[in-house]
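Below you'll find the structure, written out as structure tokens, and then a few comments.
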Amino acid sequence: MQEMNRENILPINIEEEMQASYIDYSMSVIVTRALPDVRDGLKPVHRRIIYAMHDEGLVHNKAHSKCAGVVGEVLKNYHPHGDSAVYDALVRMAQHWNLRYPLIDGQGNFGSVDGDSAAAYRYTESRLSAIAELLLRDIDKNTVDFAANFDGRTTEPTVLPASFPNLLVNGSAGIAVGMATNIPPHNLRETIDALFVLINNPEATVSDLMKKLPGPDFPTGGYIHGRAGIREAYETGRGRLCLRARVMTEQIKGGREALIVTEIPYQVNKANLITDIAQLARDKKIQGISDIRDESDQSGMRIVIELRKGEVPQVIINQLYKMTQMQVTFGVILLALDGGRPRYLSLKRILQCYLEHRREVVVRRTRFDLDKARKRIHIVKGLLIAVDAIDEVIRIIRGSVNVEQARAGLKSGFGLTDEQCQAILDMPLRRLTSLEIDKLQAEHDELVKLIEELAAILSDPERVTQLIRKELTEVREKFGDERQTEIIEAEGELTIEDLIAEERMVVTVSHQGYIKRTPTNLYRRQRRGGRGVTGADLKDEDWVEHLFVGTTHNYILFFTNKGKAYWLKVHELPQGGRATRGRPIVNLLTLESDERIEAMIPVDKFSSDRYLLMCTRKGQVVRNSLDLYSNPRKVGIKAINIADDDDLISVRLTDGSQEMFIATREGMAVRFHEDDVRPMGRFVGGVRGVTLNKGDEVIGMQALRPGSTILTVCEHGFGKRTEAEAYRLTKRGGKGVINIRTTERNGNVIAVLDVLDTDELIMITQQGVAIRSKVSDLRVISRATQGVRLINLGEGDRLNSVARIEEDKEIEGGGGAEDEALEGEAPIEE
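For the sequence shown, our numbering assigns the number 473 to the initial residue and increments by one for each residue that follows.
So this is what it looks like as structure tokens:
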């Protein structure tokens, strides 16, 4: 016996055997476990769970059933693996933070976004969601193939009919052998719209599809930062997305601010994120955080990060993005089974595969319905023959000794088939009433029409396409919703401007160099001559020297007395209330020791058709194109060449066709067209703008708007409005005309503005008192007058700064409001 056994043993190379066995195992994992099918977007375990629940009748409008029973049914009939694998897959399909459109309607504890595990399956209950039933619709009409289950006792579908593109809509993730898939979820409405584009134009490109499907839509919301990774993934099947949390700022007690996180990146554990932020704050790696707490509830997520007083929120946000999972990278891998093979798929190919699948489903369903209708009309025709000759039918049946003889008699007497004869024999006597006979005839007529319709569909591919479009439209209308993840443009690493709501801000700089931004709505409107409110809590030796109104999205060009230009964005400035002091500007800009800010210009974009016109205290002017300042540099650039005994005191943004107005401290003014100053390069000395009397100097320059009037303000709180035409238009370089009488009552001129009736003014005194009032409260008077009181000043105080706020205007095609004065707004210097 031992000799015989030795003869039956075959020598095999162990290396070859292991290689073949491992390849078989690998393909089994790839095809039957880890990768989804491109047609229905499901892995085998998910497909089996959904089909088992459908088979048990656990639909969305029936009662929930214990998950233990569902798991047991799946293990018993379809999936011979561990119960934890099945239950984990079921739980994930019920979690709304994992699936964009959950396929399971769970009842009980199914875990949380904090990483909490679901309760044991003996405690939880489930049923199919309404949208999951769309994956199974028409499965009983031979729309898909069935295969034997693992023990051959029953069958299971190899794919589901899938009335919506589930692979893209809910995404998928899995690790096979030597390959992985990571498909992000998408918005159902946008995905179906992209399908319509492909149906209308089979030659559509990825760019065409992205007009309707701009990118993934994660259930946790947040931001996708940049579009390059999306396009790469859609074109090649692989790409990288930058996901960011949604953060906003709130004012809290004590004049401090808090960061409110309402949405976090996909698949980020909220509890771990909070722990990491707290640890970074304790380790002083992120300074400026005083407290962090989780205020999330059933209404939504809310993580509160309180900041220390004076901290710039955007700086902290940048640090959180860099050091925590408030910013993560999502690697897109569009790998799925296409024709039973794993393939990297483009967006277009995924949509094409789905449409091909739906076409096959619709054709097979139509063919099934047609066969069924033809079988039924065959029976109905036999019944109609029988009722027309009912007496003869009854005679044949009564004269027969058994059913077989009766069937044979009917078959030979009327030329009927076996099926028709059996239907007549099974027909109850109530079908012989006239009403039932009419119903048979009506059914026959309807079946004739139905057969014609179904045959026409099968013979015309365009009709099939119309059916696909119609059914997709119904799904879109019923289950489509708004996008949750916002896609923002990437302007560079850690650029967070798009995370900040555009808001009008009053930016102030004090004489000693403290800067801050304050929402304009904190300055309450008053009538002319009011006492005002405290605008800044300043020391006795300090006062507000520069003030203008901008938005958080504006760039700010800072111009110093030395003629250099620096860049900042408004949202990078520290925000405070009216009475806060702000932060030293030297901490934000790299100024030289003898430099001070003399002018600030808010700019939304740097274009060549706009100009900067600069004026020095000695009356020299320079005009150059704005695009010369389009490359920000931390150390600044030289804008104008200033003489040793001169300073830059005013800068205006113009459109190339404006009139300029230069005013002097002793009440003189000159009005000329900006074309009188030719465009020059940077760092030039310029030309003379006004000829000054001895001891006089320029205090400001304005670019006049059409229809505006000239507002002149003096240091003792008096001022006046005068028509611009009252100042004759001359060439640059003249002495000009009298602007206002500078007397002991008025004091010297400190500011000039061009204003409209719809504008408002903000005035701040040397002691920090601020007032906001309407320009329309101030009547227009003649040129050479002393003016009227604009503000009541306290003893020893004097007016120091004035700025205008334009009326809000609608953005064309936008639906929001924007302060259009901001581009040309600049400070009024002392």
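Every residue gets a Cβ at the ideal spot worked out from N, C-alpha and C, and that includes glycine. Quantities reported herein were computed from a predicted structural model and do not represent experimental measurements.
With 16 other Cβ atoms within 10 Å as the buried cut-off, status of residue 576: Residue environment: residue 576 is assigned as buried (16 or more neighbouring CB atoms within 10 Å of its CB, all protein chains considered).
Distance, residue 687 Cα to residue 701 Cα: Put simply, the backbone Cα of residue 701 is about 10 Å away from that of residue 687.
Opposing strand residues paired with residue 1135 [DSSP bridges]: Residue 1135 is bridged to 1141 and 1172.
Span of the beta strand (DSSP E), counted from its first residue to its last, around residue 697: Segment 695-697, the beta strand (DSSP E) holding residue 697.
Paired residues, beta bridge with residue 1086 - DSSP: 1094 and 1123.
Residues sharing a beta bridge with residue 1072, DSSP: Within the DSSP secondary-structure output, residue 1072 pairs in a beta bridge with 1030.
Three-pair Cβ contact test at 8 Å for the region 892-910 versus the region 921-932: Three or more beta-carbon pairs separated by less than 8 Å are not found between the region 892-910 and the region 921-932, which leaves the two stretches without contact.
C-beta atoms of residue 616 and residue 810 nearer than 8 Å: For residue 616 and residue 810, no; Cβs fall outside 8 Å.
DSSP three-state assignment for residue 913, whether helix, strand or coil: In this structure, residue 913 counts as helix in the three-state DSSP scheme.
Strand pairing of residue 730, partner residues [DSSP]: Paired residue(s): 722 and 778.
Alpha-carbon to alpha-carbon, residue 480 and residue 654: Rounded to whole angstroms, residue 654 to residue 480 spans 48 Å at the Cα level.
Cβ distance (whole Å) where residue 796 is taken to contact residue 745 below 8 Å: Contact holds; Cβ gap of about 6 Å.
Status (buried if at least 16 other CB within 10 Å, exposed otherwise) for residue 532: Answer is exposed; the Cβ neighbour count stays below 16.
Residue 636 - partner residues in DSSP beta bridges: According to DSSP, which records beta bridges pairwise, residue 636 is partnered with nothing at all.
Whole-number beta carbon distance between residue 1127 and residue 1082, since they are thought to touch under 8 Å: Contact holds; Cβ gap of about 6 Å.
Three-state class that DSSP yields for residue 937 in the structure shown: DSSP places residue 937 in helix when its eight states are reduced to three.
CA-to-CA distance, residue 587 to residue 594, given in whole angstroms: Cα to Cα, residue 594 sits roughly 20 Å from residue 587.
Coil, strand or helix - residue 1047 by DSSP: Looking at residue 1047 - three-state DSSP - the assignment turns out to be strand.
Alpha helix (DSSP H) segments (min. 4 residues) lying fully within the region 484-560: List check, alpha helix (DSSP H) in window: 486-501, 516-528 and 539-549.
Whole-angstrom distance between residue 779 and residue 1295, CA atom to CA atom: Only weak support is given to the placement of residue 1295: the predicted model assigns it a pLDDT of 32, under 50, and the value that follows is read from those uncertain coordinates. The alpha-carbon of residue 1295 is positioned some 31 Å away from that of residue 779.
Supposed close pair residue 664, residue 632 - CB separation, criterion 8 Å: Not really, about 18 Å apart at Cβ, beyond 8 Å.
When 552, 826 and 794 are compared against residue 624, the one with the closest alpha-carbon: The option with the nearest alpha carbon to residue 624 is 552.
Local conformation of residue 921 per DSSP, three classes: If DSSP states are grouped into helix, strand and coil, residue 921 belongs with the helices.
Separation of residue 1222 from residue 1269, as counted between CA atoms: Taking the straight line from one Cα to the other gives about 14 Å.
Span separating the alpha-carbon of residue 581 from that of residue 685: Rounded to the nearest whole angstrom, the CA to CA distance from residue 581 to residue 685 is 34 Å.
Sequence-distant residues of the same chain with beta carbon closer than 6 Å to residue 585, five excluded per side: The answer, listed in chain order, is 569 and 742.
Secondary structure of residue 809, DSSP reduced to three states: DSSP places residue 809 in strand when its eight states are reduced to three.
Beta-carbon contacts of residue 733 that lie in its chain and below 6 Å, excluding the five residues immediately before and after: The beta carbon of residue 733 sits closer than 6 Å to those of 717, 719 and 775, all from its chain and outside the five residues before and after it, given in chain order.
Local Cβ density within 10 Å of residue 1220, reported as buried at 16 or more and exposed below that: With 16 or more other CB atoms across the displayed protein chains lying within 10 angstroms of its CB, residue 1220 is buried.
Assigned secondary structure, residue 682 (DSSP; H/G/I helix, E/B strand, else coil): Reduced to three states, the DSSP call for residue 682 is helix.
Residue 490 classed as buried or exposed, judged by whether at least 16 other C-beta atoms fall within 10 angstroms: Of the other Cβ atoms in all chains shown, fewer than 16 fall within 10 Å of the Cβ of residue 490; this residue is therefore exposed.
Per-residue DSSP class, three states only, for residue 991: DSSP places residue 991 in strand when its eight states are reduced to three.
Contact under 8 Å by Cβ, residue 891 with residue 916: For residue 891 and residue 916, no; Cβs fall outside 8 Å.
Nearest to residue 1190 (by Cα), restricted to the options 1260, 865 and 1079: Comparing Cα-Cα distances from residue 1190 to each of 1260, 865 and 1079, the minimum goes to 1260.
Under the three-state DSSP convention, the category residue 1244 falls into: In the three-state reduction of the DSSP assignment, residue 1244 falls in the strand class.
Proximity test, residue 1277 beta-carbon vs the ligand MN heavy atom, cut-off 7 Å: In the structure shown, the ligand MN is absent, as is every other ligand, since no ligand is present at all.
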